[in-house]
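Numbering (the UniProt record's numbering), first residue to last: 1 to 1162. We put the CB at the ideal spot given by N, CA and C, even for glycine.
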């Protein structure tokens, strides 16, 4: 083809366009510029690069003077001319935004092109090249790889003379070490001596060029690719290029054990790297409304679901992406603002299979809990570190405080930054199983008649299911089938640890799958755990009792994850027994095959071993025979001293997917032909749709329908943003409920009235009656009285409520994240009037649960919309809907009285509160008070309520421990020492309390303006003591440190327990500082994270957790960290200010000018 004053020869391979959805889509164009000008032509690339032909349009180009192309008329060869030719070549062939790959000398041209034409390229691949020749560096590498003869030949060619003799010697002595694998002769290369001399001579381009100072002008995404055994352009040459390029455009990939032109030595690895880079640099043409937020274009049009929706008003950071390297909130950035810009999402920051250093640090520190916010967290962190590799705390706070984590993993995020250490700019840039068939081994606690039905749910090809919780593949891989959902608590990994340890499996060959939402996977062990407690059953009764529990929970449709029950119920009564039973079955099968006694066999890392004969075989060899056996219901469990996997802080199995954007949450479900729905519910709870007008909405672009759902109206459209915009055009009249005048003030006045009536007429229900409280109060020298109050609280999971549904031929499918998949199944079936057998729940990860996702209202709504429209529908609640239509933690008022003697002894404890509490022990105190009366009364409201993290322990923990501090102050005693005094005979309580106090430095002097508070809570079978340090400055309370001690009996994963304590503390701290749902005119006032605030990175205290393993029954960890933080905080605030906090949140208080001297407060 004629290009200017010369003809250039080129070849092409691969399609330029492909047909998709009846439209032509243009594929990327890759232009290959070969190296060694004059000594090579584009044949050096073929046929190797044919491996990329399906990826796009490949153009093999001979530059002027090389191969079959013409020399320039004046015989002047320069990098500038070659780059100009490249631009003109693209213009003539209508090549837009090519990816230019320059190898060796071709890399010089590619760099010059990128410098001179920064907006022309779609990307640069600089392979085995350099910006400036370092002769001595190359000579040293030739000596290392080829010895003295190679060194001498290289020195002659590179520093003395370039002629036929030196070229021949160089070829004979040095070419053999160019690559790590033998290369065939290149007989097809057309030699062009004029260009070869102009390029290679000591006065030529190779020796005289120096592009280093101009590399920062390159703005195109750039891949620097090299082998680690390259003597021509050593690895350091590539590192020098990386150091000169802008950090947001460059990535370095080093192919191990590869020489000059790594595709020759390691083609598969090299082409995988190139393919990943090309895919990441493609432009996407979107035909959307320019005002559409970029978030929805990314999620719906590009189907890149790693970027999350959290609030829609740039308050949570879940939607963070990079716009030309800068972190932005895509939920408020219109598509028009991104036109022509480079957008990077979480999917684009890793280099193929190698994660970014930030992602690696996130995994090493086990940062994610639910993981929903972590894509945004990581995108903010990478943007920060790209410009400031060693940020201090202030820089981290500034960059990261826009990113919320409702799981409260701020400590670990900071630790991840510290773990990265002194990452250089280069290090930040450079970072960049299919099993065979098998058999399923049955486990105990599963009646045999259930097996055939279970098989259809969890069996794979060539697998046999005997019972429920263990699969063993032909590759000896063990899979635990876990009947609990993952919402950040790490229970699925911990439960798998329990099974694997009892099985004596090799942890490196263990994984889990979540059990399907079927009656056969009802949580019978949860029921047994709660009802049987720690009682031992006669062995003969175990199968019967297990069957009874199964029938009971099936009737209640329980497949619940909550109540901190996974480990202490399913783990203890299910997973351990399942693993031990499977182990015994495998041993019996091996004993039968080897004709030896089972007592002679041992199990080691997924192998059965017979020491006497030296025989050793994998589990897989005996799986089928074991599956034919009847499992024991009472297998021998390990002594804790023999645990190998339990008690270890193993890396959670769900975390890697949560840092690379591949984790699939409910909101990420995608179905062919799917439509999207937005919804508005009745503002006053209990109201119904009286009438609505959706005519204007139906005329808006993309709208499919406007549908009434009794107490809500939904718009179904092609996209969520279209549906949300159209929803604003719908006019709705709501029915009257009689609650339109209700407010928070009227509700608390009602509570006070009902408490007074119950006290006066004796109608309260009684929880605890110990001793004679009336007599104790009559004899008291001092009576302490106080009323404590807490408001309604929302859950505000990071992932708003959502579900996707499809209805076909009477079969209903729902894709959702649920804490009770089986319960959701029956809710949907009942709402749509079908048998539950016709409903399938596809369980996804949850972006937080905290109790909210135990209720299936959104799943029912999505199913009804799909049924009405006849198409799959994804329903997403806006954050405003999520906050204003929650199932709230109840607002509660609680009245206290305590009787004290003159010596400060606590004679009596009286507590009356409204609402029936769950669990029943929530208001019970652990202290030895001789006379106690704890009672409750009803005071119903129209506000829906339900479980909230730690359930009613969260209210009563604040009430009882807060009032206990008041009692200690009134008695003139240290609140820690009074607790110790009244815990005599409770060594487990004392151990936890003492450890927290000791680690926190209790008893040390606290300066003015600072305070220290303490609490002790028993909940969900675990004991937690917390000490909080605060400072108060200009009326602002800052929580500086929390020291936590926890005894959960036995920590299956100590780091997992610590993570749950950290999470629970931040969750409870958010509630104590800010949590408040106001009711006005019968409706919720708050609507998003701007007015329903959460603790952010800059407010997060230092948290120190100490885990105690005791001989107590195993307890929970997901919730016990939450209840104690509020009373410990209140105690600390009292010490600092003298103000007693009896009503939350603290944000309602004014602490200005209330600093007290330390001696004024005990």
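If I measure Cβ to Cβ from residue i and keep anything under 7 angstroms in the same chain, skipping five residues before and after, which residues do I get?
i            : result
residue 207  : 133
residue 1147 : 1073, 1074
residue 158  : 135, 138, 139
residue 670  : 303
residue 120  : 87
residue 1151 : 1032, 1035, 1037, 1137, 1139
Flag this pair as yes or no: are the beta carbons of residue i and residue j separated by less than 8 angstroms?
i            : j            : result
residue 805  : residue 813  : yes
residue 832  : residue 858  : no
residue 1125 : residue 1026 : yes
residue 369  : residue 403  : no
residue 469  : residue 574  : yes
residue 1048 : residue 1019 : no
residue 681  : residue 712  : yes
residue 689  : residue 710  : yes
residue 231  : residue 145  : yes
residue 704  : residue 869  : yes
residue 1174 : residue 777  : Lying before the first or after the last residue shown, residue 1174 is absent from the chain, which here runs from 1 to 1162.
residue 261  : residue 199  : no
residue 1103 : residue 411  : yes
Between residue i and the rest of its own chain, which residues show a CB-CB distance below 8 angstroms, the 5 nearest in sequence each way excluded?
i            : result
residue 1145 : 791, 1071, 1072, 1073, 1074, 1075, 1076
residue 975  : 964, 965, 968, 969, 1013, 1014, 1131, 1162
residue 423  : Because residue 423 carries a pLDDT of 47, less than 50, the predicted location of this residue cannot be relied on, and the following value inherits that uncertainty. The answer, listed in chain order, is 357, 385, 389, 390.
residue 496  : 480, 482, 510, 511, 512, 575, 653
residue 336  : 290, 291
residue 741  : 1081, 1082
residue 754  : 914, 937, 938, 939
For residue i, tell me which candidate among the options has the shortest Cα-Cα distance.
i            : options             : result
residue 483  : 492, 477, 476       : 492
residue 787  : 764, 756, 1149, 773 : 756
residue 899  : 1080, 796, 774      : 774
residue 274  : 123, 374, 169       : 123
residue 180  : 142, 485, 567       : 142
residue 395  : 417, 407, 406       : 417
residue 131  : 211, 70, 1039       : 211
residue 1120 : 116, 614, 784, 957  : 957
residue 90   : 596, 31, 174        : 31
residue 1094 : 873, 317, 266       : 317
residue 645  : 625, 696, 505, 716  : 505
residue 752  : 864, 828, 893       : 893
residue 311  : 1008, 10, 729, 373  : 373
From what residue to what residue does the alpha helix (DSSP H) around residue i run?
i           : result
residue 593 : 576–594
residue 83  : 79–92
residue 112 : 105–116
residue 754 : 744–761
residue 174 : 164–174
Which residues mark the beginning and the end of the beta strand (DSSP E) in which residue i is found?
i            : result
residue 900  : 892–900
residue 481  : 478–482
residue 329  : 326–329
residue 1033 : 1022–1033
Quick one: measure Cβ to Cβ for residue i and residue j, integer angstroms, because I've assumed they're closer than 8 angstroms.
i            : j            : result
residue 845  : residue 853  : Not a contact, Cβ separation roughly 11 angstroms.
residue 935  : residue 809  : Going by Cβ atoms, the distance from residue 935 to residue 809 rounds to 55 angstroms, so no, they are not a contact pair.
residue 942  : residue 685  : 5 angstroms
residue 1100 : residue 1066 : 6 angstroms
residue 321  : residue 344  : 6 angstroms
Are the C-beta atoms of residue i and some chain C residue less than 8 angstroms apart?
i           : result
residue 906 : Among the protein chains of the structure shown there is no chain C, as only one such chain exists.
With a threshold of 6 angstroms on Cβ separation, who are the neighbours of residue i within its own chain once the five nearest residues in sequence on each side are excluded?
i            : result
residue 617  : 608
residue 381  : 358
residue 499  : 480, 575, 578, 579
residue 5    : 73
residue 1069 : 1095, 1125
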